[in-house]
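Accompanying notes for the structure given below.
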Amino acid sequence: MWPWEHLAVGYVLVSLLWRLRGERPDLLAAFAVAFGTQFPDLVDKPLAWVFGVFDSGIAAGHSVLVAVPLCTVLVALAYRAGYVRAAAAFSVGYFSHIPGDAFYPMFYGQPFRWKVFFWPISQGAGEGQVDFLAQVLRFLSRTESFATSPQGATYIGFELLLLLTAFSLWALDGAPGLPRPWETGSKAGER
3 MWPWEHLAVG YVLVSLLWRL RGERPDLLAA FAVAFGTQFP DLVDKPLAWV
53 FGVFDSGIAA GHSVLVAVPL CTVLVALAYR AGYVRAAAAF SVGYFSHIPG
103 DAFYPMFYGQ PFRWKVFFWP ISQGAGEGQV DFLAQVLRFL SRTESFATSP
153 QGATYIGFEL LLLLTAFSLW ALDGAPGLPR PWETGSKAGE R
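Pasting the structure below:
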């Protein structure tokens with residue numbers, strides 16, 4: 003999945019979960035979910051494509067065997083420090099990334115893949131030593147080819163619906179993260 007797709011899915015989930023509690027995500031939760039949705043790629047892609055530590059851009063950062071203990075410790079530490087909502091938002095973002103990457107290849111006619119998300123027990127197909135920019139350009143080319151195919155119209159429709167939903171929820175949540183120079187006091191600090 004592309005970064006904006008991960009972000010949209012994660013934000014929709016956090017916004018809906020917060021709404022179930024009668025709340026809205028604040029600035030810290032919005033940043034935490036944004037970081038959580040990107041975290042697996044921020045770990046694995048550079049370590050594979052730049053430094054050659056992993057054979058694939060899906061490795062430790064995408065592993066359920068890493069995500070569960072990491073988020074458990076993070077939430078426990080955040081609870082003690084009074085930042086449990088931010089840790090929960092990060093965790094929701096992180097855990098939304100993994101199934102997104104598991105199902106995403108199905109858009110391209112590839113099989114559902116789940117074994118790669120259990121690193122180090124199993125690993126993704128080796129991509130060899132690749133250049134970061136070359137890999138991104140390869141993914142862009144693949145997306146462009148797919149988007150112009152007959153199935154691509156469905157994908158683009160889904161993509162637009164996802165992005166519109168995320169943007170709408172973000173706006174209804176008060177657009178956390180945007181500066182509000184006209185607001186003063188505690189309300190401005192909550193955004």
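With my numbering as the guide, the letters of the sequence shown map in order to residues 3 to 193. Glycine is no exception: its CB is placed at the ideal position from the N, C-alpha and C atoms. As the structure is a computational prediction, the values presented were derived from the model and not from experiment.
### Query
Do three or more CB pairs link the segment 10-22 to the segment 160-170 at distances below 8 Å?
With the cut-off at 8 Å, the segment 10-22 and the segment 160-170 touch.
### Task
Check whether the Cβ atoms of residue 66 and residue 119 lie closer than 7 Å to each other.
Taking C-beta atoms as the reference points, residue 66 and residue 119 count as a pair closer than 7 Å.
### Task
Let me know if residue 93 comes out buried or exposed under the rule of 16 or more other beta-carbons within 10 Å of its beta-carbon.
Answer is buried; the Cβ neighbour count reaches 16.
### Query
To which residues of the same chain is residue 3 closer than 7 Å at the C-beta, ignoring the five residues directly before and after it?
The beta carbon of residue 3 sits closer than 7 Å to the beta carbons of 102, 103, 106 from its chain, once the five residues preceding and following it are set aside; these are given in chain order.
### Query
residue 53: buried (16+ other C-beta within 10 angstroms of its C-beta) or exposed?
It is exposed - the Cβ of residue 53 has fewer than 16 other Cβ atoms within 10 Å.
### Task
Below 8 Å on the Cβ atoms is my guess for residue 121 versus residue 64; work out the distance and round it to an integer in Å.
The pair is a contact, with the Cβ atoms about 7 Å apart (cut-off 8 Å).
### Task
Kindly list the residues whose CB is nearer than 8 Å to the CB of residue 148, restricted to its own chain and excluding five residues on each side of it in sequence; keep chain order.
Leaving aside the five residues that flank residue 148 on each side, the residues in its chain whose CB is nearer than 8 Å to its CB run, in chain order, 109, 110, 154, 157.
### Task
Kindly indicate which three-state DSSP category residue 144 falls into: helix, strand or coil?
In the structure shown, residue 144 sits in a helix (DSSP, three-state: H, G or I).
### Message
Excluding the 5 residues flanking residue 39 on each side, which residues of the same chain have their C-beta closer than 6 Å to its C-beta?
### Response
Excluding positions up to five away in sequence, the list reads 8, 9, 12, 95, 99.
### Query
How far does the alpha helix (DSSP H) with residue 110 in it reach, from first residue to last?
It is not in any alpha helix (DSSP H) - residue 110 carries neither H nor E in the DSSP assignment.
### CB contact flag (residue 29, residue 179, <7 Å)
In contact: residue 29 and residue 179 (Cβ atoms closer than 7 Å).
### Task
Could you name the residues of the same chain whose beta carbon sits closer than 6 Å to that of residue 47, not counting the 5 residues immediately before and after it, in chain order?
Answer for residue 47: 59, listed in chain order.
### Message
Need the endpoints of the alpha helix (DSSP H) that residue 176 sits in, please.
### Response
That residue, residue 176, is in no alpha helix (DSSP H); it is neither H nor E in DSSP.
### Task
Could you check if residue 27 is buried or exposed, using at least 16 other CB atoms within 10 Å of its CB as the buried criterion?
It counts as buried.
### Whole-angstrom C-beta distance between residue 41 and residue 50, which should lie under 8 Å
Wrong, their Cβ atoms sit about 15 Å apart, outside the cutoff.
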